[in-house]
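K.L.:
This structure is in structure tokens; I'll ask about it shortly.
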Amino acid sequence: MGERATKETWLEGGWARAVTVVGVLFVVWSGEIILSTIGTGTLSQVDVVAALGALIASLGLLASVNRKRLSRAQWQWIGFAYMLLLVAATAVSRHEGEPAVRGWPGGALMVLLYPVMFPATRRFAFAFGMFAIVVDILAAAAMGRLPTGFAGWVGLYHAHLMATVFAVAIAYLTQRVGQTELTSSSLGSYELMEKLGEGGMGEVWRAKHALLARGAAVKLIHPKRTRDAASANAYRRRFEREVQAASGLSSPHTVEIYEFGQREDGVLFFAMELVDGLDMVEVVFRQRPLPAERVVHLLRQVCYSLEEAHDHGLVHRDIKPNNVMVARAGAEHDFVKVLDFGLVKEQESKEDLKLTRDGATPGTPGFMAPEQIMAPSTVDLRADIYGVGCLAYFLVSARLVFESDDWDKVKMSHVSDPVVLPSDRTEMAIHPELEAVVMKCLEKDVKDRYQSARALGDALGAIEFEEPWTRDRARAEWQGHDFKSRGWFQAE
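Residue numbers (our numbering): 21 to 512.
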């Protein structure tokens, strides 16, 4: 493995950046004290107490920077609480003594500084602006300084409202700049060159190695929308465990993983073999449906890949046409590569189960085994057998096993509805032995399916054809359809 970025803290750079943060905040605070002194003529005891509280809070922030590694989500909350404390201190100072000075008070400046100093989202920036106004109103009420009339309220809080708008814009721009920096910089030993695709989980980029003349596909997985920092850390550990296990696979029909890691901003990545070819969705769209002999040729290679993974205790969980590439490897055509073994699993832990409850159940509804839907903790290699059955069904009929725009309905159909024979859904004749193999893979009860990828591969290999799929037929198929090598683009 190459160099891996594993540090999770937002304040990369430690003391230097923390001193800068606190220094800027103290400049703002000093300005507020000066304004208060001008308004009252003296530096009151309230000012001293407020300044002392801000000082203690700032020193606490400074001391906590390198003592414990904290995630971006944790720093977002720490920054929210810290800056809100400063807002309270400036509000007390602002309303103590003579009527508050109009204009841009320290609280409004804190609203502006929050998304600059801490990794705040737009939602957090807006919430902070609203909380700052509430805190300032409470301070004014406590000191009998509430404004009167509409003009008084607008005059006192227009700066806070303007600061909130600017803070939301800053948070948005900061996030966009961060994404640009992510996709324009190097990851580990690889330089990102061209985006190949984008999906719900992240992006896939064509990349090149900094030293070797080797292309690669780099998949960026954006942080999961988990409920708390503990869930985010659990997902990171799970990702690292699973990709590390998958990187040990050596089957020629499994896409090789070169390197993996995590950036300081929480984005996970792994670099893998760049496959020149088409996924099975594109293959079927060009020749729908596929002849039975070609289907058998392709599926046996899928079984070879799964057999090794299963022997290592790994379950893919997401066998689908997008995750199976049909490629040209040297002089070989119709050479299969199975993708996304970076999302496999070994054994469910308590953390994994929590992630599942948080909405991270792996799999695609159209290709999910019944047990993946009803009892994810019981999933074993036979779920992949069901996935191969769904894939085979698609190849021979150009149809999904169950079709609906409602994914929940599709899931429940996998659980309880009988499977219609693929031969009843296509005009092309399907080899009866192949159809029997497909239907056995799609049994609801795991005990009624093939019990291993090897057993499934053997069953496929036992089917005899009058015209078997040969290297010459494969070469002619590729030349006849002018398949253009595009590389892997799937990023779901």
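The C-beta atom is built at its ideal place from N, Cα and C for all residues, glycine as well.
#1: By DSSP, does T274 sit in helix, in strand, or in coil?
#2: Just checking: is the beta-carbon of A189 within a distance shorter than 9 Å of some beta-carbon in chain C?
#3: For V275 versus V295, is the C-beta distance shorter than 9 Å?
#4: Please say whether I405 and A473 have beta carbons closer to each other than 9 Å?
#5: Nearest-angstrom Cα distance between Q499 and W225?
#6: Using three-state DSSP, classify D492 as helix, strand or coil.
#7: What would DSSP say about L132, mapped onto helix, strand or coil?
#8: Quick check on this structure: which residue in L240, E211, G217 and L216 has the alpha carbon closest to the alpha carbon of L232?
#9: Looking at L411 and M300, is the spacing between their C-beta atoms short of 9 Å?
#10: List the endpoints of the continuous beta strand (DSSP E) containing I241.
#11: Nearest-angstrom Cα distance between Q471 and F146?
#12: Whole angstroms is fine: what's the gap from A347's alpha carbon to D360's?
#13: Quick check: what's the CA-CA separation for S325 versus S271?
#14: How big is the Cα-Cα spacing for R24 and A236?
#15: To which residues does DSSP link F290 through a beta bridge?
#16: Can the beta-carbon of V107 be found closer than 9 Å to that of V155?
#17: Could you tell me if K467 is buried or exposed, where buried requires 16 or more neighbouring beta carbons within 10 angstroms of its beta carbon?
#18: Alpha carbon to alpha carbon, how far is F186 from Y102?
#19: Examine the ligand ATP and report whether any of its heavy atoms sits within less than 8 Å of the Cβ of G297.
#20: Looking at the unbroken alpha helix (DSSP H) that takes in G149, where does it start and where does it end?
P.N.:
Looking at the atomic coordinates:
#1: On the sequence shown, residue 274 is found 254 positions in, with the first residue counted as 1. In this structure, T274 counts as strand in the three-state DSSP scheme.
#2: Absent from the structure: chain C. Only one protein chain is present.
#3: By 1-based counting over the sequence shown, the position of residue 275 is 255. By 1-based counting over the sequence shown, the position of residue 295 is 275. For V275 and V295, yes; Cβs fall inside 9 Å.
#4: The residue given as residue 473 occupies position 453 in the sequence shown. The residue given as residue 405 occupies position 385 in the sequence shown. Between A473 and I405, the gap from beta carbon to beta carbon is short of 9 Å.
#5: Position 479 of the sequence shown holds residue 499. Position 205 of the sequence shown holds residue 225. Answer to the nearest angstrom: the Cα atoms are 27 Å apart.
#6: As a first step, residue 492 must be located in the sequence shown, where it is residue number 472. Residue state, collapsed to three classes: helix.
#7: Numbered from its first residue, the sequence shown carries residue 132 at position 112. Three-state DSSP puts L132 in a helix.
#8: Within the sequence shown, numbered from 1, the residue matching residue 232 stands at position 212. Among L240, E211, G217 and L216, the Cα nearest to that of L232 belongs to E211.
#9: Here residue 300 refers to the residue found at position 280 of the sequence shown. Here residue 411 refers to the residue found at position 391 of the sequence shown. Yes, these two residues count as a Cβ contact at 9 Å.
#10: Taking the sequence shown and counting its residues from 1, one reaches residue 241 at position 221. Segment G235 to I241, the beta strand (DSSP E) holding I241.
#11: Stepping through the sequence shown from its first residue, residue 471 is reached at position 451. Stepping through the sequence shown from its first residue, residue 146 is reached at position 126. The straight-line gap from Cα to Cα measures roughly 54 Å.
#12: Counting from 1 along the sequence shown, the entry for residue 347 is found at position 327. Counting from 1 along the sequence shown, the entry for residue 360 is found at position 340. So the alpha carbons of these two residues sit roughly 16 Å apart.
#13: If you number the sequence shown from 1, residue 325 lands on position 305. If you number the sequence shown from 1, residue 271 lands on position 251. C-alpha separation (whole angstroms): 6 Å.
#14: Taking the sequence shown and counting its residues from 1, the one referred to as residue 24 is at position 4. Taking the sequence shown and counting its residues from 1, the one referred to as residue 236 is at position 216. The pLDDT assigned to R24 is 35, lower than 50, so where the model puts this residue is not dependable; a value taken from the coordinates is nonetheless given after this. Approximately 16 Å between the Cα atoms of the pair.
#15: To locate residue 290, count along the sequence shown from 1; it is residue 270. In DSSP, F290 forms a bridge with K239 and F280.
#16: As a first step, residue 107 must be located in the sequence shown, where it is residue number 87. As a first step, residue 155 must be located in the sequence shown, where it is residue number 135. Yes, the pair counts as a contact, with Cβ atoms nearer than the cut-off.
#17: Your numbering for residue 467 matches position 447 in the sequence shown. The residue in question, K467, is exposed, as its Cβ has fewer than 16 Cβ neighbours within 10 Å.
#18: Position 166 of the sequence shown, counted from the start, is the residue given in the question as residue 186. Position 82 of the sequence shown, counted from the start, is the residue given in the question as residue 102. Taking the straight line from one Cα to the other gives about 20 Å.
#19: In terms of ligand content, the structure shown is empty, and the ligand ATP therefore cannot be addressed.
#20: Stepping through the sequence shown from its first residue, residue 149 is reached at position 129. From DSSP, the alpha helix (DSSP H) with G149 extends over R142 to A162.
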